[in-house]
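In our numbering, the protein residues as written are 1395 to 1756.
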């Protein structure tokens, strides 16, 4: 079973292919998306050992000239230092403007590789081959690329759409359970912000999802990608509608920053952020207690965290939120739910209300 979806962005449109046993077909599938036979594959140390051989062999069998570069695993690789290393490698392998970079890995590799491709020679083509659930349903789709700054997550980046997103659900079978659960937050988030039926299907099929049943995974990932593709098609550069995809992220990014990106998976931080945003919406009488508890129950069933760690303070989290790129004119821009399947964008919430909601999530 294979699904082919499409992100409609005019000349920058591209397909998303979702299925099983796709890594061995990368060369075949990539041929129609590039005029060049020179590619560089970026992966991390873990992914390289598991998947690089089959991807490289597939590309070489299709006649590609293949180079590789490895970045350390983990969020700290989204740095200026690693970005510079990749630029050096692109130059050393003599890639030109028609050559292609392949990001083979999770969201860190996708963000890092995409940003490297966006600025090398003012932009070269790249392909996303996401190997984690978080990357498959979120980071690989939409063309947002970035690296981190010590003061904030994803502060340095660019919009650069891939030529192809290739999602092989078989890669999830080697994913640690913690990372699988962390990635599921992006599917749950999509259900809360715009697709109540997707939220309900996750509620009903959570055990099958965590048991990695192929048909359920392909359907769930395809649904999440369709939703994101529709949002991106309407608002590629995040000037309006696309902001809703940041539900939970303003709180979550602040948590990641104050814990130096080394305590939480991204999805775990977003889970806490979603719980906090929902608590704030309840406090503002925008969101029903029933829907709030429904979200909490699902996050809890997925064994995702709901509260901030006790060694932080609400003030520290709140202060870090103001360094997020989603602020406008010094005011927080928050995505708050009104019901399961619908959210609104607010930039008029008083700081005291924000601080109160954070305090309730300790």
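We treat Cβ as the ideally placed atom computed from N, Cα and C, and that holds for glycine.
To the nearest angstrom, report how far apart residue i and residue j are at their CA atoms.
i            : j            : result
residue 1700 : residue 1735 : 20 Å
residue 1564 : residue 1545 : 36 Å
residue 1477 : residue 1540 : 10 Å
residue 1646 : residue 1665 : 7 Å
residue 1504 : residue 1524 : 7 Å
residue 1401 : residue 1744 : 37 Å
residue 1516 : residue 1429 : 18 Å
residue 1608 : residue 1414 : 8 Å
residue 1628 : residue 1636 : 8 Å
residue 1716 : residue 1447 : 43 Å
residue 1683 : residue 1436 : 45 Å
residue 1733 : residue 1670 : 15 Å
residue 1566 : residue 1726 : 36 Å
residue 1660 : residue 1493 : 31 Å
residue 1417 : residue 1449 : 6 Å
residue 1484 : residue 1405 : 25 Å
residue 1681 : residue 1489 : 51 Å
residue 1407 : residue 1465 : 29 Å
residue 1644 : residue 1625 : 19 Å
residue 1403 : residue 1491 : 21 Å
With a cut-off of 8 Å on the beta carbons, I'd call residue i and residue j a contact; round off their distance for me.
i            : j            : result
residue 1585 : residue 1527 : The pair is not a contact, with the Cβ atoms about 14 Å apart (cut-off 8 Å).
residue 1729 : residue 1739 : 6 Å
residue 1690 : residue 1600 : Their Cβ separation, rounded to whole angstroms, is 14 Å, which puts residue 1690 and residue 1600 out of contact at 8 Å.
residue 1424 : residue 1559 : Wrong, their Cβ atoms sit about 12 Å apart, outside the cutoff.
residue 1638 : residue 1595 : With a Cβ gap of about 20 Å, residue 1638 and residue 1595 do not count as contacting.
residue 1711 : residue 1561 : No, residue 1711 and residue 1561 are not in contact; Cβ-Cβ is about 33 Å, not under 8 Å.
residue 1399 : residue 1616 : 6 Å
Quick one: residues in its chain with C-beta nearer than 7 Å to the C-beta of residue i, no 5 flanking neighbours on either side, listed in chain order?
i            : result
residue 1658 : 1649 and 1650
residue 1597 : 1692
residue 1487 : 1434 and 1461
residue 1714 : 1648, 1651 and 1652
Could you check what DSSP says for residue i in three-state terms: helix, strand or coil?
i            : result
residue 1743 : coil
residue 1467 : coil
residue 1574 : helix
residue 1556 : coil
residue 1607 : coil
residue 1538 : strand
residue 1497 : strand
residue 1612 : helix
residue 1450 : helix
residue 1445 : helix
residue 1725 : strand
From the options, pick the residue whose C-alpha is nearest to that of residue i; which is it?
i            : options                   : result
residue 1462 : 1472, 1451, 1470 and 1538 : 1451
residue 1421 : 1663, 1431, 1414 and 1413 : 1431
residue 1445 : 1475, 1557, 1568 and 1553 : 1568
residue 1747 : 1632, 1679 and 1609       : 1679
residue 1570 : 1590, 1604 and 1592       : 1604
residue 1697 : 1589, 1595 and 1575       : 1575
residue 1663 : 1469, 1627, 1635 and 1608 : 1469
residue 1467 : 1561, 1457, 1656 and 1703 : 1656
residue 1652 : 1496, 1709, 1532 and 1675 : 1709
residue 1640 : 1616, 1479 and 1583       : 1583
residue 1512 : 1396, 1530 and 1557       : 1557
residue 1593 : 1426, 1602 and 1618       : 1618
residue 1580 : 1606, 1535, 1547 and 1554 : 1535
For residue i, which residues in the same chain have their Cβ closer than 6 Å to its Cβ, ignoring the five residues on either side in sequence?
i            : result
residue 1361 : Coverage of the chain is limited to positions 1395 through 1756, which leaves residue 1361 absent and any answer about it impossible.
residue 1542 : 1472
residue 1668 : 1642
With a threshold of 8 Å on Cβ separation, who are the neighbours of residue i within its own chain once the five nearest residues in sequence on each side are excluded?
i            : result
residue 1673 : 1686, 1751, 1754 and 1755
residue 1704 : 1756
Using a threshold of 6 Å, is the CB atom of residue i nearer than that to any non-hydrogen atom of the ligand FAD?
i            : result
residue 1606 : Inclusion of the ligand FAD in the displayed structure is not the case, the ligand content being empty and no account of it being possible.
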